[in-house]
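Heads up: the protein sequence lines correspond to chains G, Y and E, in order. Sequence positions in the first sequence follow our numbering and run 26 to 226. Sequence positions in the second sequence follow our numbering and run 26 to 226. Sequence positions in the third sequence follow our numbering and run 26 to 226. By construction, the Cβ of each residue, glycine as well, lies at the ideal position given by its N, Cα and C atoms.
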Amino acid sequence: MIYWLDLFGVLVFAVAGSLSAGKKRMDLFGVIVVALATALGGGTLRDLVLGCYPVFWVSDPTYLLVGSGASLLTFILARFLKPPGKLLQTADAFGLAIFTVIGAQKAMGLGISPAISAIMGVMTGVAGGMIRDVLSGEIPLILRAEIYATASLCGAAVFTGLSFYLPGNSGIIFLSVAVTLFLRLAAIHWKFSLPVFPSKE
Amino acid sequence: MIYWLDLFGVLVFAVAGSLSAGKKRMDLFGVIVVALATALGGGTLRDLVLGCYPVFWVSDPTYLLVGSGASLLTFILARFLKPPGKLLQTADAFGLAIFTVIGAQKAMGLGISPAISAIMGVMTGVAGGMIRDVLSGEIPLILRAEIYATASLCGAAVFTGLSFYLPGNSGIIFLSVAVTLFLRLAAIHWKFSLPVFPSKE
Amino acid sequence: MIYWLDLFGVLVFAVAGSLSAGKKRMDLFGVIVVALATALGGGTLRDLVLGCYPVFWVSDPTYLLVGSGASLLTFILARFLKPPGKLLQTADAFGLAIFTVIGAQKAMGLGISPAISAIMGVMTGVAGGMIRDVLSGEIPLILRAEIYATASLCGAAVFTGLSFYLPGNSGIIFLSVAVTLFLRLAAIHWKFSLPVFPSKE
């Protein structure tokens, strides 16, 4: 089940990466490269930091197929259909929620403490989008927009907290994904935000 | 032979990195840092993802010497000679072709499937140039210019396909380098390109 | 002692990262993300390249606590106090000096040759600041400003050179930190600089 969720996360992040790359008028392969970096970047960093070798997508080609297939399809469909206004942000919110929980879960499975596992979840969730924005020549939206890393941290905290007391309960995964997703989508919709650094300097 | 090819790749990528950094008026050590990140970045990422420790340039100082020597020489020569217009692009094309094949070859040598090895070749080939452009504050040219990742993918596919059926044939390396190089140089010369993402959004 | 020095390096780099992120008007969590990437990025890259698993901050939560605490405090204090003009550059110089020596020391402890260990020290010292600047949408200052990588290289060379002949002498650590710090602060104060790449192209 985790596996299917992971593939779904790769799919939505590949779509988000393709739409973002498309705004910069990249060519077909450029779009696929950005989509794969977005979809696989967070998990790759997670596996490197945790010391899981080789990285997840090396041993299972499904990830690459799903990621490049979703990117290609987005590229083709965007020629015929205008993507709905908030598609990029919504796909991105789903990917964030899923990768956060999967990152935290993988860390806890290796016996890492709940607090560090939560941070590992946030890192897995936000890294892909940050790589995408850096490759697109933008300051990562993550860092200035509405509640983003915050939504990821809340979902990761719910997951690691509950998993610590109720190990093996698979409902926790859905609850934690829902928490991140709700916070992020609510922040997009109602434009919640955190205080911004005062720019006195 | 692979070893000499690898060093030649480091040399040409260091030259390309130095020229690119020079356009941004970086100082001597900044130029060397960008040159080394360009020349060693792709292989470092490859070794990390494949789990080869320590990374190739840690155990053999020759890579660092060749990379920083080439960068220093470029820095000095650029004071006296105007670099030919297409030197950066041509050096970059040679590096791309060589690192693509070496990345794919290293992955296959570890028993990884031909398809994933081809992707690993592309990653090794394009990562250095992407790091260089990000450090220079630019959207990686790779992602929007003429056939680039495409040339790398064709060379990698030729290499992994032929190596699978004719293992141990060293002519395959040269053929695959030639395929990538020809496609990339032809794309620069005749300005071939792939379809660009439609910007309806 | 190395441990306390390392924590101090994390603290000053987190402050520098927060101030830099604050200039871009990021929100609270964005600031903390940039601060942690700045403070832990260099050491993470060092551990990955050297093959030390898991990465240092995964097994010891103190690093994350110190880094996010320093970032939070900077965020709060900046609402009430105008940070002194050169605080960012000075904090950055301390972090550079400390991480350079710690990186070189860790590499030598693994039996790596002095020359490569020195490069590893430079990489540890400069990577955090480069990640910070890339995330802030700027060409890394490191690459164009006054003597920066040069100061790091001198400190690393002093450390690895002396450690090779006088192993186990803890005064070497302070001497090498002082060399980097002096060169960097002197360069800021008197605006020393290296020759810049000629922009004939």
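Within the continuous alpha helix (DSSP H) that includes residue 177 of chain G, where are the two ends? 174-190
Within 8 Å (strictly less), CB to CB, does residue 63 of chain E reach chain Y? no
Please confirm whether residue 184 of chain Y and residue 130 of chain Y have their CB atoms less than 8 Å apart. yes
For a contact defined as C-beta to C-beta under 9 Å, what are the partners of residue 80 of chain G on chain Y? 73, 74, 75 and 76
Output yes if chain Y places a C-beta closer than 8 Å to the C-beta of residue 180 of chain G; else output no. no
Beta-carbon proximity list for residue 58 of chain Y, same chain, < 6 Å, skipping 5 on both sides: none
Cutting at 6 Å between CB atoms, please list the residues of its own chain near residue 35 of chain G, excluding the five before and the five after it. 64, 88, 91 and 92
DSSP three-state label for residue 107 of chain Y, please. coil
Neighbouring residues, chain E, relative to residue 59 of chain Y (Cβ below 7 Å): 168
Short Cβ contact (8 Å threshold) for residue 202 of chain E with residue 122 of chain E: yes
Using a C-beta to C-beta distance shorter than 7 Å, which residues of chain E count as neighbours of residue 175 of chain G? 54
Using a Cβ-Cβ cut-off of 8 Å, state whether residue 41 of chain Y counts as contacting chain E. no
Grab me the residues of residue 152 of chain Y's own chain with a C-beta within less than 6 Å of its C-beta, minus the 5 sequence neighbours each way, in chain order. 66, 67 and 70
Give the DSSP-derived three-state secondary structure of residue 148 of chain G in the structure shown. helix
Rounded to whole angstroms, what is the Cα-Cα separation between residue 43 of chain E and residue 148 of chain E? 21 Å
Would residue 248 of chain G pass as a contact of residue 159 of chain E if the rule is Cβ separation under 8 Å? It is not possible to answer for residue 248 of chain G, since the shown part of chain G is limited to 26 through 226.
Of the residues E:192, E:176, E:154 and E:211, the one placed nearest residue 41 of chain E, counting alpha carbons only: E:154
Considering only their Cβ atoms, is the gap separating residue 83 of chain G from residue 126 of chain Y smaller than 8 Å? no
With 16 other Cβ atoms within 10 Å as the buried cut-off, status of residue 54 of chain Y: buried
Is DSSP giving residue 78 of chain G helix, strand or coil here? coil
What in chain Y is Cβ-close to residue 111 of chain G, meaning under 8 Å? Correct list: empty, because the minimum Cβ distance to chain Y is about 11 Å.
Residue burial classification, residue 156 of chain E (beta-carbon count within 10 angstroms, cutoff 16): buried
Sorted by chain position, which residues of the same chain lie with C-beta nearer than 8 Å to residue 33 of chain G's C-beta, five sequence neighbours on each side aside? 119 and 123
Quick one: using the 10 Å Cβ neighbour count with 16 as the cut-off for buried, is residue 105 of chain Y buried or exposed? exposed
Taking all protein chains shown into account, do 16 or more other C-beta atoms lie within 10 angstroms of the C-beta of residue 136 of chain G, making it buried, or fewer, making it exposed? exposed
Can you pull the chain E residues whose beta carbon is under 7 Å from the beta carbon of residue 140 of chain G, in chain order? 86
Assign residue 165 of chain G to one of three DSSP states: helix, strand, or coil. coil
Candidates E:164, E:173, E:191 and E:193, of which the one nearest residue 48 of chain Y by Cα: E:164
Could you check what DSSP says for residue 137 of chain G in three-state terms: helix, strand or coil? coil
Helix, strand or coil, according to DSSP, for residue 26 of chain Y in the structure here? coil
Residue 201 of chain E - containing alpha helix (DSSP H), residue span: 196-215
Status (buried if at least 16 other CB within 10 Å, exposed otherwise) for residue 85 of chain Y: exposed
Buried or exposed by the 16-neighbour rule on C-beta atoms within 10 Å, applied to residue 173 of chain G: buried
Within 10 Å of its beta-carbon, does residue 225 of chain E have 16 or more other beta-carbons around it, so buried, or fewer, so exposed? With a pLDDT of 45 at residue 225 of chain E, under the threshold of 50, the modelled position of this residue cannot be trusted; read the value that follows with caution. It counts as exposed.
Do residue 139 of chain Y and residue 133 of chain Y count as a contact pair if the criterion is CB distance below 8 Å? yes
Beta-carbon proximity list for residue 61 of chain E, same chain, < 6 Å, skipping 5 on both sides: 92
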